[in-house]
Amino acid sequence: ISPNHMLRSSSFSMVSVGSRTAKWIKKCGIVLHQIANAIKHLHENGIIHGYLDPSTIAKFGSRWKLTGLGTATPVGCVMRGPLRSCAPPESISVKPLPSP
């Protein structure tokens, strides 16, 4: 199934602050609420998305959903895939540098 619409990183910045109407703000709130519920559902089931950014949010019919679950990882396991700028900080393990 193909999405009807996908977010882009510029989706929110394309509308200038002065022209953000109450209707636009309400729609953003609906989208963010649906995405927050999807993240909550994953976390309640012991899964971390691992690559949450605007490119992994899409609209299917009237519902906004998460996509890009290829890097989803069980809580407590090492995250898969390359390190991305949107990686949750708790997924990064820092090893001390060797002494000179």
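Numbering (my numbering), first residue to last: 4 to 103.
Cβ atoms here follow ideal geometry from the backbone N, Cα and C, with glycine treated the same way.
Remember, it's a predicted structure, so these values are computed and weren't measured experimentally.
Let me make sure I understand the geometry here. Which of the options has the alpha-carbon closest to that of residue i?
i	options	result
R87	G79, T74, P99 and V78	T74
P6	V81, A61 and E47	A61
Measure the Cβ-Cβ separation of residue i and residue j and say whether it is below 8 Å.
i	j	result
M9	S58	yes
A39	L69	no
What are the residues that DSSP puts in a beta bridge with residue i?
i	result
K68	A61
I51	T76
M9	A61
Report, in whole angstroms, the separation of the C-beta atoms of residue i and residue j, which I expect to be a contact under 8 Å.
i	j	result
V78	G32	Between G32 and V78 the Cβ distance is about 28 Å, and since that is not below 8 Å, they are no contact.
Three or more C-beta pairs below 8 Å linking the stretch 44-57 and the stretch 22-31: In short, these stretches do not touch, since the Cβ pair count stays below three.
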